[in-house]
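Structure first, commentary second.
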Amino acid sequence: MVSENVAVVTGANRGIGYEIVKGLCKKYDGHVYLTARDVVRGNAAIEKLKILGLNPIFHQLDISDQKSVDTFKDHIKEKHGGINILINNAGVSLSKAPIPLSEKAKKTLELNYFGTVRICEALFPLLRENARVVNVSSLAGQLNLIPSEKLRNRLKDPNLTITELNNIMEKFIRDADQNRHIEEGWGESIYVVSKVGVSALTIIQQRNFDKELPNRNISVNSVHPGYVQTDMTGFKGELTAEQGAEAPLFLALEANLKGKYVWFDCGVVDWDGPPIGKS
301 MVSENVAVVT GANRGIGYEI VKGLCKKYDG HVYLTARDVV RGNAAIEKLK
351 ILGLNPIFHQ LDISDQKSVD TFKDHIKEKH GGINILINNA GVSLSKAPIP
401 LSEKAKKTLE LNYFGTVRIC EALFPLLREN ARVVNVSSLA GQLNLIPSEK
451 LRNRLKDPNL TITELNNIME KFIRDADQNR HIEEGWGESI YVVSKVGVSA
501 LTIIQQRNFD KELPNRNISV NSVHPGYVQT DMTGFKGELT AEQGAEAPLF
551 LALEANLKGK YVWFDCGVVD WDGPPIGKS
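Residue 434 in my numbering sits at position 134 of the sequence shown, with consecutive numbering throughout.
Encoded structure:
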């Protein structure tokens, strides 16, 4: 096993994730893993990049499946011993899916929030010194899009733990299942709750690294990549997927930031400030 630079991008067979992999292959001196749930689509993405003269590595990874996560973790540990960059891009929006509200809530949170927690728990022990973690959030990740002041205060509590945040997100799923989510102060958007959870998670993760491993200089930031032309937006975005990859790449390769919420113009935004931008 040789200690080499390793970057991992989740949900990377298309859209922003694909463009992040492309950018890393061009700019990063190390192995770049393109991961995706679907093996056929993942390998097809690899072939497209190889035509461009790039050489990423494919590995199947479904962050909503613990077995898949464990298999990937074991591969990285045995093959490389650690990683230097982790970009958590995998996510889903089911707002227009013709399925019951309760199912939308469970599936959206399971991938966007709990999937991110799951892959971080698996790979964080493999992070090397000076490693960088980028959690792809959204404009929807702004705290004040949650109507309830009580919930907002809990989510920004400086002593909040990941376990407690998990419990809060699980309560939302129960409230949505009982169609009580609006009454309980979550608002109408399931996607907003999932991405606010990712933004809150980022702050806790950075706080934990600063407290437990201060000398390892590990950074964790969340990013709103912009309103991007992808299937998630119905290709109605203002930015191309390539432009949407710019801010995640900036955080992975250039920025000297920790625990921040960064927007597509590479500027730091106050996560718990007044909501801004399109909603």
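Built from N, CA and C at the ideal position, the CB exists for glycine as well.
Computed from a predicted structure; not experimentally measured.
Inter-residue spacing [alpha-carbon to alpha-carbon] between Tyr413 and Gly353: Taking the straight line joining both Cα atoms gives about 34 angstroms.
Closest residue to Ser448 among Trp486, Leu551, Ile383 and Gly415 (Cα-Cα distance): With distances taken between Cα atoms, Ser448 lies closest to Trp486.
Outcome for Glu483 when other beta-carbon atoms lying within 10 angstroms are tallied against a minimum of 16: With fewer than 16 Cβ atoms within 10 Å of its Cβ, Glu483 is classed as exposed.
Local Cβ density within 10 Å of Ile265, reported as buried at 16 or more and exposed below that: The shown model of the chain, from 301 to 579, leaves out residue 265, and the question about it has no answer.
Spatial distance of Phe564 from Asn521 (CA atoms): Spanning the two alpha carbons is a distance of roughly 13 angstroms.
Nearest-angstrom Cα separation, counted from Gln478 out to Ala312: In this model, Ala312 and Gln478 are separated by some 34 angstroms (Cα to Cα).
Pick from Lys450, Val332, Asn517 and Val417 that is closest to Thr461, judged by C-alpha positions: Measuring C-alpha to C-alpha distances from Thr461 to each of Lys450, Val332, Asn517 and Val417 identifies Val417 as the nearest.
Pick from Asn517, Leu443, Leu465 and Asp510 that is closest to Val496, judged by C-alpha positions: Residue Leu443 is the option with its Cα nearest to Val496.
Simplified DSSP state of Ala344, which is helix, strand or coil: Three-state DSSP puts Ala344 in a helix.
Three-way DSSP call (helix, strand, coil) for Ala541 in this model: Helix, per DSSP.
Of the listed residues Arg454, Gly441, Met469 and Ala545, nearest to Pro574 (C-alpha basis): Considering only alpha carbons, the answer is Gly441.
The alpha helix (DSSP H) enclosing Ser499, as first and last residue numbers: Residues Ile490 to Glu512.
Distance between Leu349 and Leu394 (C-alpha atoms, nearest Å): Approximately 29 angstroms between the Cα atoms of the pair.
Simplified DSSP assignment, three categories, for Phe564: In this structure, Phe564 counts as coil in the three-state DSSP scheme.
Chain-order list of residues whose beta-carbon lies under 8 angstroms from that of Met301 (same chain, five-residue window excluded): Reliability of the predicted coordinates at Met301 is poor, the pLDDT of 47 falling under 50, and the value obtained from them is presented with this limitation in mind. Counting only Cβ-Cβ distances below 8 angstroms, and skipping sequence neighbours, we find Glu378, Lys379, His380 and Gly381.
C-beta contact flag for Thr463 and Asn389 at 9 angstroms: Cβ atoms of Thr463 and Asn389: not closer than 9 angstroms.
Alpha helix (DSSP H) segment containing Leu386, residue limits: For Leu386, there is no enclosing alpha helix (DSSP H); the enclosing beta strand (DSSP E) covers residues Ile383 to Asn388.
DSSP three-state assignment for Asn467, whether helix, strand or coil: DSSP places Asn467 in the helix class (H, G or I) of the three-state scheme.
DSSP-derived helix/strand/coil call for Ser393: The three-state reading of DSSP puts Ser393 in coil, since its state is none of H, G, I, E or B.
Outcome for Gln366 when other beta-carbon atoms lying within 10 angstroms are tallied against a minimum of 16: Result: exposed.
Start-to-end residues for the alpha helix (DSSP H) that takes in Ala312: No alpha helix (DSSP H) contains Ala312, which DSSP labels as neither H nor E.
Closest residue to Gly317 among Val332, Ile490 and Glu512 (Cα-Cα distance): Nearest of Val332, Ile490 and Glu512 to Gly317, Cα basis: Val332.
Counted within 10 angstroms of its Cβ, other Cβ atoms place Gly415 as buried (16 or more) or exposed: So Gly415 counts as buried.
Backbone CA spacing between Val306 and Gly330 [nearest angstrom]: If you take the alpha carbons of Val306 and Gly330, they lie about 5 angstroms apart.
Uninterrupted alpha helix (DSSP H) stretches inside the region 430–480 (no shorter than 4 residues): Taking only runs of at least 4 residues, the alpha helix (DSSP H) segments lying wholly in the region 430–480 are 449–455 and 462–477.
Assigned exposure category for Ile399 - 16 Cβ within 10 Å defines buried: With a threshold of 16 other beta carbon atoms within 10 Å, Ile399 falls short and is exposed.
Buried versus exposed call for Asp362 [16 or more other C-beta atoms within 10 Å across all chains shown]: The residue is buried, with at least 16 neighbouring Cβ atoms inside 10 Å.
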